[in-house]
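K.L.:
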Amino acid sequence: MSVDAPVMTPPARAPSWLKPHRIGLLAVALALVIAATLFMRWDWLPRYYGLALQGIWRTIWILVVTCALGIMLAVPLGLAQAAGPWWLAAPARGFCTMIRGTPLLLQLWLLYYGLGSLFPQFPWIRHSELWPYLRQAWPYAVLSLTLSYAAYEGEVMRGAFAGVPRGQLEAARAYGMSRWKIFRRIWMPQAFYRALPTLAGETVLQLKATPLVATITVVDIYNVAGRVRQETFITYEPLLLLALVYMVITGIIVFLFRRLESRIPVKIG
Amino acid sequence: MELLSPVPPGWGGSLLRGLLSSVEIAVGAFGLGLLIGICGAYGKLYGGPIAKDLWAVYTTIVRAVPELVLILLLYFAGTDLINRVLVMAGYEPINISGLVAGILVLGFVQGAYSTEVIRGAILAIPQGQIEAARAYGMSPILMLKRITLPAMLPFAIPGLANLWLIATKDTALLAVVGFNELTLTTRVAAGATKAYFTFFIAAGALYLLLTLVSNVFIRRIERWARRGMPSTAGA
Chain S
4 MSVDAPVMTP PARAPSWLKP HRIGLLAVAL ALVIAATLFM RWDWLPRYYG
54 LALQGIWRTI WILVVTCALG IMLAVPLGLA QAAGPWWLAA PARGFCTMIR
104 GTPLLLQLWL LYYGLGSLFP QFPWIRHSEL WPYLRQAWPY AVLSLTLSYA
154 AYEGEVMRGA FAGVPRGQLE AARAYGMSRW KIFRRIWMPQ AFYRALPTLA
204 GETVLQLKAT PLVATITVVD IYNVAGRVRQ ETFITYEPLL LLALVYMVIT
254 GIIVFLFRRL ESRIPVKIG
Chain F
1059 MELLSPVPPG WGGSLLRGLL SSVEIAVGAF GLGLLIGICG AYGKLYGGPI
1109 AKDLWAVYTT IVRAVPELVL ILLLYFAGTD LINRVLVMAG YEPINISGLV
1159 AGILVLGFVQ GAYSTEVIRG AILAIPQGQI EAARAYGMSP ILMLKRITLP
1209 AMLPFAIPGL ANLWLIATKD TALLAVVGFN ELTLTTRVAA GATKAYFTFF
1259 IAAGALYLLL TLVSNVFIRR IERWARRGMP STAGA
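Below, the structure is given as structure tokens:
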């Protein structure tokens, strides 16, 4: 028996995903797209073009702001649950359970209708500088989406903080680092690396939660599609385009997180 | 508090009826999702090249598009399509009830997620067990019933439990298409009485109760499914 079997090196050819049946499927997909452009009605597009761009911008804006604020809240929430004393851990866990146990739509409506009906009863709120903002819908949308993201990510960060090996923290302490420095240089970065793949998925989920804000009159891209539907009585075309927009944004999020993940220098065990 | 009393001047009865229809939809959608998930996982793992690609397209698209958009799309397109087919076949168009439509739409969405959960769980089974079943000459259906499903269950239960909790909360989205489940009932009650906080917090408590009760059952089912397996650090 020969010891070294000849290694088969396949000759360079088309990329591995391009198999014969895929060409057929791509042709079917292309035919569907062409049929959609030819036989469906797109004449409303030029009229709503500006509004749609504005809506996309607002969707992305809400997504970015709520994710940034949410993760800032999630780190202390996770830390309190993973390493905090019981009087910090218990409220943090209670907050996460409460938010994760009720639908986001309910929270959104509670804040918007509840607080919205409560605030005007206090004259000092009505005369404060913030009143012009509190009368609009978007602060409530941002608040409830932020709280929701914070609660889900607080749970993720709890696991990530708890998953960092003890030895790393002990080594840092042996080097004489202060507690804050240990947190900043060792604990936090390692926890983030661990949480990153989960955070990517959660951010996509957050994107998919943003259309809910349309129910409280924030004009995001979903709301624009609804308006097109109401004003022109065209049902499917705006919804299909809407689905496409969300898929593209999802693709961008996944791509960005993959870039971020590839920057992690070493694989941690 | 008298607003929440279960007899007609109070709205408690309506809230409970709303909760009941939410649970009905969640159970139906979760069950339908499981069926689709098992088919999808089999298609993705053992299907032909075209079936594999089609299932991949299904799971990718459904998981990338917001549930709300899918609900609108399927709700309108689905009922429209069925009625057109019925008219073409010479029948009267039917009115699809909100309950059935909700179950179908949410089940379709849940199917994509449970496909991925079950696929991962089947991959986690030691492959020798499946090979042994094949060597015994079991038919695919018998193998599914006797080996694959019981063996994958402990790996699938955490993911499926998550999906069940998501299903209970996703029923709230049907409020947007006007189906009278708990969230919409709450909003109607709150709008009629102007007691927004009372009703929304009461509904939140009901959802939370549903989640907590589910958690108790999930823990029990997990212990049952893991029987005979070595204990892990978590359990």
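Residue numbers (the working numbering), protein chains in the order written: chain S, 4 to 272; chain F, 1059 to 1293.
Ideal Cβ placement from N, Cα and C applies to all residues, glycine included.
Between S:A165 and the rest of its own chain, which residues show a CB-CB distance below 6 Å, the 5 nearest in sequence each way excluded?
P.N.:
A85, listed in sequence order.
K.L.:
Could you confirm whether any beta carbon from chain F is found closer than 8 Å to the beta carbon of S:A165?
P.N.:
No, its Cβ sits nowhere closer than 8 Å to a Cβ of chain F.
K.L.:
On a CA-only basis, which of F:W1282, F:G1286 and F:T1226 is nearest F:G1076? Give me that one, please.
P.N.:
Checked all of F:W1282, F:G1286 and F:T1226; the closest Cα to F:G1076 is F:T1226.
K.L.:
How do the stretch 171 to 188 of chain S and the stretch 57 to 69 of chain S stand: do at least 3 beta-carbon pairs fall below 8 Å, yes or no?
P.N.:
Not touching, per the Cβ criterion.
K.L.:
Here's the rule: buried if 16 or more other CB atoms are within 10 angstroms of the residue's CB, otherwise exposed. What is F:Y1194?
P.N.:
Exposed, because fewer than 16 other Cβ atoms sit within 10 Å of the Cβ of F:Y1194.
K.L.:
Taking 7 Å as the cut-off, is the CB of F:G1217 close to at least one heavy atom of the ligand GDP?
P.N.:
Ligands in the displayed structure: none, and consequently the ligand GDP is not present.
K.L.:
Does any CB atom of chain F fall closer than 8 Å to the CB of S:M43?
P.N.:
No, its Cβ sits nowhere closer than 8 Å to a Cβ of chain F.
K.L.:
Going by beta-carbon coordinates alone, are S:T201 and S:I256 separated by less than 8 Å?
P.N.:
Cβ atoms of S:T201 and S:I256: not closer than 8 Å.
K.L.:
Which residues, taken in chain order from the stretch 1106 to 1118 of chain F, show a beta carbon closer than 9 Å to some beta carbon of chain S?
P.N.:
For the stretch 1106 to 1118 of chain F, which is checked against every Cβ of chain S, the residues closer than 9 Å are G1106, P1107, I1108, D1111, L1112, V1115 and T1118.
K.L.:
So which residues of chain S does F:E1189 contact, with C-beta pairs closer than 9 Å?
P.N.:
By Cβ distance, chain S contributes nothing, its closest Cβ being about 25 Å from F:E1189, past 9 Å.
K.L.:
Starting from S:A246, find everything on chain F with Cβ-Cβ shorter than 9 Å and list it in chain order.
P.N.:
Near S:A246 (Cβ distances below 9 Å), the residues of chain F are I1119, A1122, V1123, P1124, V1127, L1128 and L1131.
K.L.:
Residues of chain F with CB closer than 7 Å to the CB of S:T238, please, in chain order.
P.N.:
Within chain F, the residues near S:T238 are F1134.
K.L.:
Output yes or no for whether 8 Å exceeds the beta carbon distance between S:L111 and S:I219.
P.N.:
Taking 8 Å as the Cβ cut-off, S:L111 and S:I219 qualify as a contacting pair.
K.L.:
Note down, in chain order, each residue of its chain lying with its Cβ closer than 6 Å to the Cβ of F:G1091, except the 5 sequence neighbours on either side.
P.N.:
Closer than 6 Å at Cβ, skipping near neighbours: G1165, Q1168, G1169 and S1172.
K.L.:
Measure the beta-carbon distance from S:I237 to S:V231 and round it to whole angstroms, keeping in mind my assumption that it falls under 8 Å.
P.N.:
Going by Cβ atoms, the distance from S:I237 to S:V231 rounds to 7 Å, so yes, they are a contact pair.
K.L.:
Looking at F:Y1253: is its Cβ nearer than 8 Å to the Cβ of S:L109?
P.N.:
Correcting the residue type first, residue 1253 of chain F is Ala in the shown sequence and not Tyr. No; because the gap between Cβ atoms is not below 8 Å, this pair is not in contact.
K.L.:
With 16 other CB atoms within 10 Å as the buried threshold, where does S:L29 fall?
P.N.:
So S:L29 ends up on the exposed side.
K.L.:
Would S:L199 pass as a contact of S:I185 if the rule is Cβ separation under 8 Å?
P.N.:
No, the pair does not count as a contact, with Cβ atoms beyond the cut-off.
K.L.:
For S:G58, I'd like the list of residues in its chain whose CB is within less than 7 Å of its CB, leaving aside the five on either flank, ordered along the chain.
P.N.:
Same-chain partners within the cutoff: V222, D223, I224, N226 and V227.
K.L.:
Going along chain F in order, which residues have a C-beta closer than 8 Å to the C-beta of S:S120?
P.N.:
What S:S120 touches in chain F: K1252 and Y1254.
K.L.:
Beta carbon of F:L1223, beta carbon of F:S1272: below 8 Å?
P.N.:
Taking 8 Å as the Cβ cut-off, F:L1223 and F:S1272 qualify as a contacting pair.
K.L.:
Report yes or no: do the stretch 1137 to 1144 of chain F and the stretch 1098 to 1106 of chain F share at least 3 C-beta pairs separated by less than 8 Å?
P.N.:
Contact between the stretch 1137 to 1144 of chain F and the stretch 1098 to 1106 of chain F is absent, because fewer than three Cβ pairs lie under 8 Å.
K.L.:
For F:F1237, which three-state DSSP category applies?
P.N.:
Looking at F:F1237 - three-state DSSP - the assignment turns out to be coil, as it is neither helix nor strand.
K.L.:
Could you say if the stretch 235 to 250 of chain S and the stretch 1122 to 1129 of chain F meet the contact criterion of at least three C-beta pairs nearer than 8 Å?
P.N.:
With a cut-off of 8 Å, the stretch 1122 to 1129 of chain F and the stretch 235 to 250 of chain S count as touching, because enough Cβ pairs lie within range.
K.L.:
May I ask you to report which of helix, strand or coil DSSP gives F:Y1149?
P.N.:
It is coil, neither helix nor strand.
K.L.:
What is the DSSP secondary structure of F:I1183, counted as helix, strand or coil?
P.N.:
The answer is coil: DSSP assigns F:I1183 none of H, G, I, E or B.
K.L.:
Say whether chain S places a C-beta atom closer than 8 Å to the C-beta of F:T1269.
P.N.:
Yes, because at least one Cβ of chain S sits closer than 8 Å to the Cβ of F:T1269.
K.L.:
Find the nearest neighbour of S:Y239 within the set S:R44, S:L21 and S:I37, judged by alpha-carbon distance.
P.N.:
That would be S:R44, whose Cα lies nearest to the Cα of S:Y239.
K.L.:
Kindly list, in the order they appear in chain S, the residues whose Cβ is closer than 7 Å to that of F:L1231.
P.N.:
Those within 7 Å of F:L1231 in chain S are L108.
K.L.:
Taking only three categories from DSSP, how would you classify S:K22?
P.N.:
Coil, per DSSP.
K.L.:
State the CB to CB distance for the pair S:L113 and S:A212, rounded to an integer number of angstroms; the pair is presumed to be in contact (CB under 8 Å).
P.N.:
Incorrect: roughly 15 Å between the Cβ atoms, too far for contact.
K.L.:
Would you report the Cα separation of S:A140 and S:Y115, rounded to the nearest angstrom?
P.N.:
For S:A140 and S:Y115, the distance between alpha carbons rounds to 7 Å.
K.L.:
Decide if S:Q209 is buried, meaning its Cβ has at least 16 other Cβ atoms within 10 Å, or exposed.
P.N.:
With 16 or more other Cβ atoms within 10 Å, it is buried.
K.L.:
For S:G272, which residues from the same chain have a beta carbon less than 8 Å from its beta carbon, with the 5 sequence-adjacent residues on both sides left out?
P.N.:
Note that S:G272 scores 46 on pLDDT, short of 50, meaning its location in the model is unreliable; the coordinates nonetheless yield the value given after this. Nothing meets the Cβ criterion.
K.L.:
Tell me whether S:Q139 sits in a helix, a strand or coil according to DSSP, three-state version.
P.N.:
Three-state DSSP puts S:Q139 in coil, outside helix and strand.
K.L.:
Rounded to a whole number of angstroms, what is the C-alpha to C-alpha distance between F:R1245 and F:A1230?
P.N.:
Those two C-alpha atoms are separated by around 11 Å.
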